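Undergrad:
Numbering (this note's numbering), first residue to last: 631 to 741.
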């Protein structure tokens, strides 16, 4: 580098850029939300596992299509109110419902 060259040093792919504090803050928030989601899902599945066991002891069906559709409609409205794509909200809920039903079938000895 020349004595009077004041341009900043060039970074190479091996030289990490200085951490961006704004990006780091966003990422920390996302990490916290992800952790909360996992804990909430774990709690939800603990409760649905108890529901599955209850249904199994009373020979109740593993599924309740009418309740599932009411839940989906309710959560689509909640998604709209929260400015979340209701189609995404529905896909997410249907995935959870399918997993719960699978657990209920296992609890009843049919899965």
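Cβ coordinates follow ideal geometry from the N, Cα and C atoms, glycine included. Nothing here was measured: the structure is a model prediction, and the numbers come from that model.
#1: What are the boundary residues of the alpha helix (DSSP H) that includes residue 737?
#2: What do you get for residue 737, buried or exposed, if any count of 16 or more other CB atoms within 10 angstroms of its CB means buried?
#3: Helix, strand or coil for residue 713? Go by DSSP, reduced to three states.
#4: Would you call residue 648 buried or exposed, if buried means 16 or more other Cβ atoms sit within 10 Å of its Cβ?
TA: If we stick to the structure as given:
#1: 716-738
#2: buried
#3: coil
#4: exposed
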